[in-house]
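What follows is a set of notes on a single structure, which appears directly below.
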Amino acid sequence: MPLVFDIKRFSINDGPGIRTTVFLKGCPLHCVWCHNPEGISPHSTRLYNRKKCIGCRSCVEACPQGVLSLTPDGIKAKEGCTLCGRCADACPSKAMEMAGRQWTVDELMSVIEKERQVMTDSGGGVTLCGGEPLLHADYLISILRAVGKAGFHRAVDTSLFATREAVESVMRECELLLIDLKHFSDEAHHRYTGVGNTVILENIRLVSEAGKVYWIRIPLIVGVNADDRNLSQSAQFLASLPTKPEVVCLLPYHDIGKGKHARMGTTYNPEALPLRQPDADEQEHALSIFKAQGLNARIGG
Numbered sequence: 000m001p002l003v004f005d006i007k008r009f010s011i012n013d014g015p016g017i018r019t020t021v022f023l024k025g026c027p028l029h030c031v032w033c034h035n036p037e038g039i040s041p042h043s044t045r046l047y048n049r050k051k052c053i054g055c056r057s058c059v060e061a062c063p064q065g066v067l068s069l070t071p072d073g074i075k076a077k078e079g080c081t082l083c084g085r086c087a088d089a090c091p092s093k094a095m096e097m098a099g100r101q102w103t104v105d106e107l108m109s110v111i112e113k114e115r116q117v118m119t120d121s122g123g124g125v126t127l128c129g130g131e132p133l134l135h136a137d138y139l140i141s142i143l144r145a146v147g148k149a150g151f152h153r154a155v156d157t158s159l160f161a162t163r164e165a166v167e168s169v170m171r172e173c174e175l176l177l178i179d180l181k182h183f184s185d186e187a188h189h190r191y192t193g194v195g196n197t198v199i200l201e202n203i204r205l206v207s208e209a210g211k212v213y214w215i216r217i218p219l220i221v222g223v224n225a226d227d228r229n230l231s232q233s234a235q236f237l238a239s240l241p242t243k244p245e246v247v248c249l250l251p252y253h254d255i256g257k258g259k260h261a262r263m264g265t266t267y268n269p270e271a272l273p274l275r276q277p278d279a280d281e282q283e284h285a286l287s288i289f290k291a292q293g294l295n296a297r298i299g300g
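Numbering of the sequence shown is given in numbering that gives the first Met the number 0, commencing with residue 0 and proceeding in unit increments.
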């Protein structure tokens, strides 16, 4: 069974209304700016926050492999960790945490039901996210069917880097697709995410031809994709589709993933690429490019 690494209640950025967002682990993309690096591996991931650590050695004593030690630089792990999670269970300050555990559909539904009233009143619902949720199409569909049976609006946030069969199966089980479009150039897409975009663009067209309701979400990053050429090509492509996106959301870059990489012991933006958030004028200019193509576009969302 795939792992869930987070459940975010009262979310206002993952589709219409107030939503409960469920994050599944595992992603074939390795975006340089990834906001949720703990979701890339399909396996459980250990995170350590030195600032929270009180040096009590509870995690060291709880480790059945004996690979943890307390050093002047905090807790360090040698090779041999099995990611069993005993360290996190024993940590009184929550300095040590594990991202990813199995959830049955019934367990997820018990959490989702807690916010029924606020989601119903706000026109919200449930969003399945990742990672890349389409990696786990069967599990994803079982959740979507349970959520739909319970009467909630269903959205799936995806890169669409998936098989045609997975896309067709999943889009039949939800009301909305939130599709991330990182870059229009296949070469640049590969450079910044580790995979090309040919399959992604084909699947966007597939969704459009099926008449599915979908949003396009573009991370707006100066130094990566905020140039006129990429934005114009992206806008022209979207405007040419038989069913246009309900909205194009331009999402200004932020480096929230940096802190998570530090807690994982990995490196954010290892090539030190010059990533920058666009200023207000640059955001408005980007917006104008999409609106000029007759697309409903906005900053954020």
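The beta carbon of each residue, even a glycine, is placed where N, CA and C say it ideally should be.
With distances taken between CB atoms, is the gap from residue i to residue j smaller than 7 Å?
i	j	result
Val223	Phe289	no
Tyr138	Pro1	yes
Arg207	Thr162	Per the sequence presented here, residue 207 reads as Ser, with Arg not at that position. No, the pair does not count as a contact, with Cβ atoms beyond the cut-off.
Arg197	Asp13	Before going further, note that residue 197 is Thr rather than Arg in the sequence given. Cβ distance not < 7 Å, so Thr197 and Asp13 don't count as in contact.
Gly122	Gly16	yes
Gly124	Arg18	yes
Leu176	Arg216	no
If residue i sits next to residue j, beta carbons under 8 Å apart, how far is it from one beta carbon to the other, in whole angstroms?
i	j	result
Ala98	Thr44	4 Å
Glu178	Leu205	According to the sequence shown, residue 178 is Ile rather than Glu. About 11 Å separates the two Cβ atoms, so there is no contact after all.
Could one say the Cβ of residue i lies closer than 7 Å to chain B's Cβ atoms, at least one of them?
i	result
Trp102	The structure shown contains no chain B, having only a single protein chain.
Run the CB neighbour count on residue i, radius 10 Å, all protein chains shown included, and call it buried at 16 or more, exposed below.
i	result
Cys30	buried
His182	buried
Lys77	exposed
Ser10	buried
Asn295	exposed
Cys173	buried
Glu131	buried
Cys80	exposed
Asp280	exposed
Lys24	buried
Thr70	exposed
Ile199	buried
Is any heavy atom in the ligand FAD found nearer than 6 Å to the beta carbon of residue i?
i	result
Leu133	The model on display carries no ligand, and the ligand FAD is accordingly not part of it.
How about the stretch 99 to 113 and the stretch 56 to 70: do they share at least three Cβ pairs that are nearer than 8 Å? no
Could you tell me which uninterrupted beta strand (DSSP E) segments, each at least 3 residues in length, are contained entirely in the stretch 92 to 178, listed from first to last along the chain? 95 to 98, 124 to 128, 152 to 157
Taking 8 Å as the threshold, find out whether the stretch 235 to 244 comes into contact with the stretch 263 to 278 through three or more Cβ pairs. no
Below 8 Å, can you find three or more Cβ-Cβ pairs linking the stretch 24 to 39 to the stretch 78 to 91? no
Kindly provide the ranges of any beta strand (DSSP E) runs that are 3 or more residues long and lie completely inside the stretch 196 to 230, ordered along the chain. 213 to 219
Quick one: which unbroken beta strand (DSSP E) runs of 3-plus residues sit fully inside the stretch 3 to 51? Chain order, please. 18 to 23, 44 to 47
Unbroken stretches of the alpha helix (DSSP H), 4 residues or longer, contained in the stretch 257 to 298: 279 to 290
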